[in-house]
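Asker: Would you mind keeping the following structure in view while I ask a few things?
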Amino acid sequence: MHLIDPGTAAEHVRRAANLLQSALGASPMAAGRAAGRVNLVGEHTDYNQGLCLPLALPHATYTVVAPRTDDQVRAVSTLATGTYTGDPATATGWAAYSAGVVWALREEGIDVPGIDMAIASSVPVGAGLSSSAALSCSVAMAIGALVGPIDPEVMLRATIRAEHERAGAPTGGMDQTVALFATPGEALLLDFADGTRTPVTWAPPGLALLVIDTCAPHALADGQYAARRSACDEAAAALGVPSLRQVEEPALAAVPDAWLPLARHVVTENRRVEELVQAVAAGDWAEVGALMTSSHESLRDDFAVSCDQLDVAVQAALDHGALGARMTGGGFGGSAIALVPEDLVQPSMAAVAAAYASRHWREPRFLRA
Ligand code: GAF
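Just so we're aligned, residue 4 is where the sequence shown starts under the working numbering, counting upward by one.
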């Protein structure tokens, strides 16, 4: 049972540079890097003006770029077959997150020439670990390195626009924010009501944060995510508040039944973020684990974004010594995280793999945050 290796920056940049040369005949002039992420707690809260606490993975996406003499984009990736060639304003699919960023930066007023780009990555794709934001943010970083400094806030707006307007996924901004602003060894406490970003030291002693990629199919643009988002907006409107962030826990009693589970998740999840940050500061890792697990239960029972593969991974980890475990990211498949004593990492991985094998599910994959 092995852990997916993040590799080194030099190795990934070299792979991307070789691909740029061999597939497009171009020489790299600049490079950008952006990390994938796990979210420790605070799920489906970003688009409700709420709180979340993501952490950058050591696994990252690397993009190398060369300018063109026209305004077109060509993009190749070690993870995709074929070459995207064309007008960045019409890019869809994975090209929305690569070529689409050129379009979005131009929309934000940045003078970006035509670009040839090549991408290499160690972020597992489709695993709910923000491979899309790692891609779009690495493209923005590479273009920033090519054309001169671009304000990171502009990069943030542009990468979110590429996802909303080119890929059609109405996500909340957590993933791009952590990809652009996180630093190693620190989680970022994000408050989407006032826009603050507060580093939180994350160094649990003797504990590993094990990431379990369920390998269950997962997609953000398939309608389920958008449905949750608009239901939250409807719930807020019914309560006469701008967003569910403004709802205090006692006021949940007044929420109509149709929206109560969704609203209860968001309101209690914001509280769990605050409590988890306090538990980290106090070094109370048992409490950190308990809050992670109750976040999972809320996402499973109230917000209804978990799935059997996530629930089984969480339970198997808890049964084999994890202090806490939860799904991470948007859900409907993707990955779970478990806070595990170092000496129980391998037994936990074996337990999850055995639970999957006994159900004839695809073999899960593992990495460390
Ligand atoms: C996905 C989205 F991209 C984020 O914005 C966030 O809403 C997350 O799901 C759920 O917390 O990763």
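By construction, the Cβ of each residue, glycine as well, lies at the ideal position given by its N, Cα and C atoms.
Keep in mind the model is a prediction, meaning the values are calculated, not measured.
(1) So, for residue 275: in the same chain, excluding its five sequence neighbours on each side, which residues have a beta-carbon less than 6 Å away from its beta-carbon?
(2) How many angstroms separate the CA atom of residue 16 from the CA atom of residue 149?
(3) Where does residue 271 sit, in a helix, a strand or coil, going by DSSP?
(4) Is the beta carbon of residue 46 within less than 7 Å of some heavy atom of the ligand GAF?
(5) Please give the ranges of any alpha helix (DSSP H) in the stretch 126-163, keeping only runs that are unbroken, at least 4 residues long and fully inside the region.
(6) Hey, would you say the C-beta of residue 225 is under 7 Å away from at least one heavy atom of the ligand GAF?
(7) Please report how far the alpha carbon of residue 40 lies from the alpha carbon of residue 132, in whole angstroms.
(8) Going by beta carbon distance, what residues of the same chain come within less than 6 Å of residue 228, once the five residues before and after it are set aside?
(9) Going by the C-beta, is residue 336 closer than 7 Å to any heavy atom of the ligand GAF?
(10) Going by C-alpha distance, which of 134, 260, 137 and 168 is nearest residue 103?
(11) How close, in whole Å, do the beta carbons of residue 269 and residue 326 come, if the pair is a contact with beta carbons under 8 Å?
(12) If you draw a straight line from the C-alpha of residue 144 to the C-alpha of residue 57, how long is it?
(13) Using CA coordinates, which residue listed in 138, 141, 214 and 65 is at the minimum distance from residue 7?
(14) Candidates 97, 138 and 367: which alpha carbon is nearest residue 34's?
(15) For residue 79, does the three-state DSSP call read helix, strand or coil?
(16) If you draw a straight line from the alpha carbon of residue 296 to that of residue 342, how long is it in whole angstroms?
(17) Based on Cα-Cα distance, which residue from 349, 305 and 306 lies nearest to residue 4?
(18) In three-state DSSP terms, what is residue 49?
(19) On a Cα-Cα basis, can you pick out the residue from 267, 26 and 28 that is closest to residue 253?
(20) Would you say the beta carbon of residue 333 comes nearer than 7 Å to a heavy atom of the ligand GAF?
(21) Using DSSP with H/G/I as helix, E/B as strand and the rest coil, what is residue 88?
(22) Please find out if some non-hydrogen atom of the ligand GAF comes closer than 7 Å to the beta-carbon of residue 204.
(23) Can you tell me where the beta strand (DSSP E) holding residue 189 begins and where it ends?
(24) Within the present structure, is the beta-carbon of residue 49 separated from the nearest heavy atom of the ligand GAF by less than 7 Å?
(25) Can you tell me whether DSSP reads residue 337 as helix, strand or coil?
(26) I think residue 320 touches residue 351, with their Cβ atoms under 8 Å apart; what is that distance to the nearest whole Å?
(27) Output the boundary residues of the alpha helix (DSSP H) element that contains residue 228.
(28) Going straight from the alpha carbon of residue 242 to that of residue 258, what length do you get?
(29) Between which two residues does the beta strand (DSSP E) containing residue 61 stretch?
(30) Going by DSSP, what residues sit across from residue 119 in a beta bridge?
(31) Identify which residue in 328, 317, 323 and 37 has its Cα closest to the Cα of residue 124.
(32) Terminal residues of the continuous beta strand (DSSP E) containing residue 202?
(33) Suppose you measure from the CA of residue 27 to the CA of residue 69; what does that come to, to the nearest Å?
(34) Tell me whether the stretch 86-95 and the stretch 70-77 touch, counting them as touching only if at least three CB pairs, one residue from each stretch, are closer than 8 Å.
(35) Just the Cα atoms here: how many angstroms apart are residue 30 and residue 24?
Answerer: Let me lay it out:
(1) If we look at residue 275 and ignore the five residues flanking it on each side, its Cβ neighbours are 44, 294 and 298.
(2) Linking residue 16 to residue 149 through their CA atoms gives a straight-line distance of about 15 Å.
(3) For residue 271, the three-state secondary structure derived from DSSP is helix.
(4) True, at least one ligand heavy atom lies under 7 Å from that Cβ.
(5) Listed in chain order, they are 134-150.
(6) In this structure, the C-beta of residue 225 stays at least 7 Å away from each heavy atom of the ligand GAF.
(7) Taking C-alpha positions only, residue 40 is separated from residue 132 by approximately 5 Å.
(8) Exclusion of the five residues before and after residue 228 leaves 333 as the residues of its chain whose Cβ lies within less than 6 Å of its Cβ.
(9) No; taking the cut-off as 7 Å, the Cβ of residue 336 has no heavy atom of the ligand GAF nearer than that.
(10) Here the closest residue by C-alpha is 168.
(11) In fact, because the Cβ distance is near 25 Å, the residues do not count as touching under 8 Å.
(12) Residue 144 and residue 57: Cα-Cα distance of roughly 20 Å.
(13) Distance from the Cα of residue 7 is smallest, within the candidate group 138, 141, 214 and 65, for 214.
(14) Taking only the C-alpha atoms, the option nearest residue 34 is 138.
(15) Three-state result, residue 79: strand.
(16) In a straight line, the C-alpha of residue 296 is about 10 Å away from that of residue 342.
(17) Closest by alpha carbon: 349.
(18) DSSP places residue 49 in helix when its eight states are reduced to three.
(19) Considering only alpha carbons, the answer is 267.
(20) Result yes, Cβ under 7 Å from the ligand GAF.
(21) Residue state, collapsed to three classes: strand.
(22) At a threshold of 7 Å, residue 204 does not count as near the ligand GAF, since its beta carbon sits no closer than that to any of the ligand's heavy atoms.
(23) From DSSP, the beta strand (DSSP E) with residue 189 extends over 189-194.
(24) Within the cutoff, so yes.
(25) The three-state reading of DSSP puts residue 337 in coil, since its state is none of H, G, I, E or B.
(26) Rounded, the Cβ-Cβ distance is 5 Å, consistent with contact.
(27) Looking at the DSSP string, the run of the alpha helix (DSSP H) that includes residue 228 is 227-242.
(28) Straight-line Cα distance between these residues: approximately 7 Å.
(29) Its beta strand (DSSP E) spans residues 57-70.
(30) Residue pairing by DSSP puts residue 119 in a beta bridge opposite 69 and 77.
(31) Closest by alpha carbon: 37.
(32) For residue 202, the enclosing beta strand (DSSP E) stretches over residues 200-204.
(33) Pairing residue 27 with residue 69, the inter-Cα distance amounts to about 10 Å.
(34) By the Cβ test, the stretch 86-95 is in contact with the stretch 70-77, since at least three Cβ pairs between them sit closer than 8 Å.
(35) Using only the alpha carbons, I get a separation of about 6 Å.
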